[in-house]
Amino acid sequence: EKRKIGVIVGSLREGSFNKSIAKKLASQLPENYEAEFLEIGQLPFYNEDLDAGTDVPKEWEDFRVKVKAMDAYLFVTPEYNRSMPAVLKNALDVASRPYGENVWSGKTAAVISASPGATGGFGANHHLRQSLVFLNVITMQQPEAYLGNVTSFINEDGSITSERTVPFLQSIIDGFVALTEQFYK
Ligand code: FNR
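One point on numbering: in this note's numbering, the residue at position 129 of the sequence shown is 482, and numbering is uninterrupted.
#1: Count the other C-beta atoms from every protein chain shown that fall within 10 angstroms of the C-beta of G453, then say buried if there are 16 or more, exposed otherwise.
#2: According to DSSP, which residues form a beta bridge with G476?
#3: Considering only heavy atoms of the ligand FNR, list every residue whose Cβ is less than 5 Å from one of them, following chain order.
#4: Could you compute how far the alpha carbon of D415 sits from the alpha carbon of G459?
#5: For the alpha helix (DSSP H) holding K357, just list the boundary residues, first then last.
#6: Please go through the same chain and pick out, in chain order, the residues whose beta-carbon is closer than 7 Å to the beta-carbon of A388, but skip the five residues on each side of it.
#7: For the putative contact between A477 and S466, defined by C-beta atoms under 8 Å, what is the C-beta separation to the nearest angstrom?
#8: DSSP on S466, reduced to helix/strand/coil?
#9: At a cut of 8 Å, does the stretch 521-533 reach the stretch 488-499 through at least three beta carbon pairs?
#10: Over what stretch of residues does the beta strand (DSSP E) that includes Y386 continue unbroken?
#11: Could you tell me whether the stretch 393-409 touches the stretch 500-517, using the rule of 3 or more Cβ pairs below 8 Å?
#12: Go through its chain and collect everything with a Cβ distance to T492's Cβ below 8 Å, but skip five positions before and after it.
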């Protein structure tokens, strides 16, 4: 049986650099790993009132089922104002509730951030890690992945042009796979 990896991209932008990096990372997974991109842009903003009633949004229910079905997650995100984009935080919140039914819990993950700026989304990366601690997601510590100056190694069509970047991304995947295999041993 294949390991199911949920890939979550923190950008809704058509030409997102993070989406391109996520696609590359997914292509570097081993044979027995299966990547599924989990969409988050359709999720209504989290509101506890809706979970308390009978009209829980269908989008939340579908997303929770998908998140629960995964063995591990790859988060690939830009930085918005030194934090993670609201759409990504909302997705974390939606699948963490109703209370006691956090479906992220007890899975492994890797966090990758990318930016045209020099700091490579460090702020987003670590704010996301902070939430993942509380959500009980076992997050890879090393190697860390802050991909700065992305316009210097990604083309308009999303292809990666730097010879250094591809093996670096592979090292992220190798660490993520090693952590996940150890966890499920
Ligand atoms: C940004 N951007 C940005 N970049 C960064 O390195 N640090 C930051 O704090 C911010 N803040 C920020 C806020 C908002 C609201 C936007 C829209 C953008 C720039 C951002 O890195 C750039 O737009 C990336 O291209 C976004 O990632 P994708 O969409 O290419 O994956």
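Each residue gets a CB set at the ideal place from its N, CA and C atoms; glycine is no exception.
For this structure:
#1: Locating residue 453 in the sequence shown gives position 100, counting from the first residue. With a threshold of 16 other beta carbon atoms within 10 Å, G453 falls short and is exposed.
#2: Taking the sequence shown and counting its residues from 1, one reaches residue 476 at position 123. Looking at the DSSP assignment, G476 forms no beta bridge with any residue, so it has no partner.
#3: Residues flagged by the Cβ proximity filter: S364, R366, S369, F370, N371, P431, E432, Y433, N434, R435, S468 and G470.
#4: Residue mapping note: residue 415 aligns to position 62 of the sequence shown, counting from 1. Residue mapping note: residue 459 aligns to position 106 of the sequence shown, counting from 1. Note on geometry: alpha-carbon atoms of D415 and G459 lie some 20 Å from one another.
#5: Along the sequence shown, one-based indexing puts residue 357 at 4. Where K357 is concerned, there is no enclosing alpha helix (DSSP H), although the beta strand (DSSP E) it sits in stretches over R356 to V362.
#6: For this step, residue 388 is matched to residue 35 along the sequence shown. If we look at A388 and ignore the five residues flanking it on each side, its Cβ neighbours are I358, V360, A379 and L382.
#7: Residue 477 sits at position 124 when you count from the first residue of the sequence shown. Residue 466 sits at position 113 when you count from the first residue of the sequence shown. Their Cβ separation, rounded to whole angstroms, is 5 Å, which keeps A477 and S466 in contact under 8 Å.
#8: Walking along the sequence shown from the start, residue 466 turns up at place 113. The answer is strand: DSSP assigns S466 an E or B state.
#9: Verdict: yes, contact present.
#10: To locate residue 386, count along the sequence shown from 1; it is residue 33. Y386 to F390 is the extent of the beta strand (DSSP E) around Y386.
#11: Counting C-beta pairs with one atom in each stretch, the stretch 393-409 and the stretch 500-517 have fewer than three that are closer than 8 Å, which means they do not touch.
#12: Working through the sequence shown from its first residue, we reach residue 492 at position 139. Hits under 8 Å: T461, A462, A463, V464, R482, L485 and V486.
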